[in-house]
Amino acid sequence: MRVGYYQFDCVFGEVKRNLDQVSQALSNVSADLLVLPEFLSSGYQFISKQEVLDLAEPVPDGPTTQRLMEIARARNMVLVGGLAERARDHVYNSAVAVGPNGLIGCYRKTHLFFEETLFFAPGDTGFHVWDIGQARIGVMVCFDWFYPEAARTLALKGADILCHPSNLVLPYCPDGMVTRCLENRVFSITANRIGAEERGGKKSLTFIGSSEVVTPCGQVLERALRDKEALAVVEIDPAEARKKSLNPYNDLLADRRPALYQAS
Ligand code: ACM
271 MRVGYYQFDC VFGEVKRNLD QVSQALSNVS ADLLVLPEFL SSGYQFISKQ
321 EVLDLAEPVP DGPTTQRLME IARARNMVLV GGLAERARDH VYNSAVAVGP
371 NGLIGCYRKT HLFFEETLFF APGDTGFHVW DIGQARIGVM VCFDWFYPEA
421 ARTLALKGAD ILCHPSNLVL PYCPDGMVTR CLENRVFSIT ANRIGAEERG
471 GKKSLTFIGS SEVVTPCGQV LERALRDKEA LAVVEIDPAE ARKKSLNPYN
521 DLLADRRPAL YQAS
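Residue numbers for the sequence shown follow our numbering, so the first one is 271 and each next one is one higher.
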């Protein structure tokens, strides 16, 4: 199975321009699954609720999901990428998975980061695993990585590959995902963006790139640079994620002791 990421610098508010850039970058790519960043078409640093409302889109009828479905159909691949989603009275920091036949699913970010908490509702979808034929994929968004429960829940639900659209600003995640993969024996694909935003007099945010593909044994198969656009595709065998036996005496998930994990 050929999987990868596209890391780029998007321009705040320029939805069509950003989507054109993705279309152009993917126009010759051959892959089965490609992950794109969080908020791939809108940009990250929202400064008002109105701005969020103006840029948020319905799923699947908004321009971002529609364009991703068009690309997925044309390139015969599955794409996972993030967008601001508008649904009735709420806006969510969401990620969609789309394939040649259209929308596969939509995940709403559970753990909002920093000022996202001012503008977005915490996700209400929970964590889901979707069978895309060659593998079972689960989606988590950026800061969800800081909560091991997110990756664990997806692993317990049978995910082979964690698809992880991101707009990372802290330095810890690329190495942190190695642990998430090891402790769950899953693959991960983190797609981060590059560039910086400094809007409305707010603190400048620099996105750390370093998108990566990690194996269930914690090997980093590809890691992009911090500040360069990058498209990477690597060959993996998703069946490696289904071997949860560590040795003749230890099975990673079967050996869990949930009764002893109660905090109260
Ligand atoms: C993040 O969750 N965008 C850091």
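We put the CB at the ideal spot given by N, CA and C, even for glycine.
Relative to the ligand ACM, the beta carbon of residue 412 is positioned inside 6 Å of a heavy atom. Nearest neighbour of residue 283 by Cα position, chosen from 333, 410 and 276, turns out to be 333.
Annotation: the continuous beta strand (DSSP E) that includes residue 457 extends over 457-461. Distance from the CA of residue 445 to the CA of residue 481, rounded to the nearest whole angstrom, comes to 11 Å. Under DSSP, residue 279 takes part in no beta bridge, so it has no partner.
If you ignore the 5 residues before and after residue 286, its C-beta comes within less than 8 Å of the C-beta of 333, all in its own chain and listed in chain order. DSSP, reduced to helix, strand and coil, places residue 407 within a strand of the structure shown.
Minimum Cα-Cα distance from residue 360 among the listed residues 342, 343 and 394 corresponds to 394. At a threshold of 6 Å, residue 437 counts as near the ligand ACM, since its beta carbon sits closer than that to one of the ligand's heavy atoms. Between the ligand ACM and the CB of residue 316, the shortest heavy atom gap is not smaller than 6 Å.
Checking the DSSP bridge columns, you'll see residue 431 partnered with 407 and 457.
Looking at the backbone, the Cα of residue 350 and that of residue 369 are separated by about 9 Å. Around the Cβ of residue 485, a 10 Å sphere holds 16 or more other Cβ atoms; the residue is buried. In the structure shown, the three-state DSSP call for residue 476 is strand. Take residue 301, set aside five residues on each side of it, and the residues of its chain with a beta-carbon closer than 8 Å to its own are 272, 273, 274, 345, 347 and 503, in chain order.
Rounded to whole angstroms, the gap between the alpha carbons of residue 469 and residue 406 is 38 Å. Excluding residues up to 5 positions away in sequence, 522 lie with their Cβ nearer than 7 Å to the Cβ of residue 516 in the same chain.
In this structure, 380 is the residue among 440, 441, 380 and 390 with its C-alpha nearest to the C-alpha of residue 411.
Judged by DSSP in its simplified three-state form, residue 324 adopts helix. With a cut-off of 8 Å on Cβ pairs, the region 309-317 is not in contact with the region 493-503, counting fewer than three such pairs.
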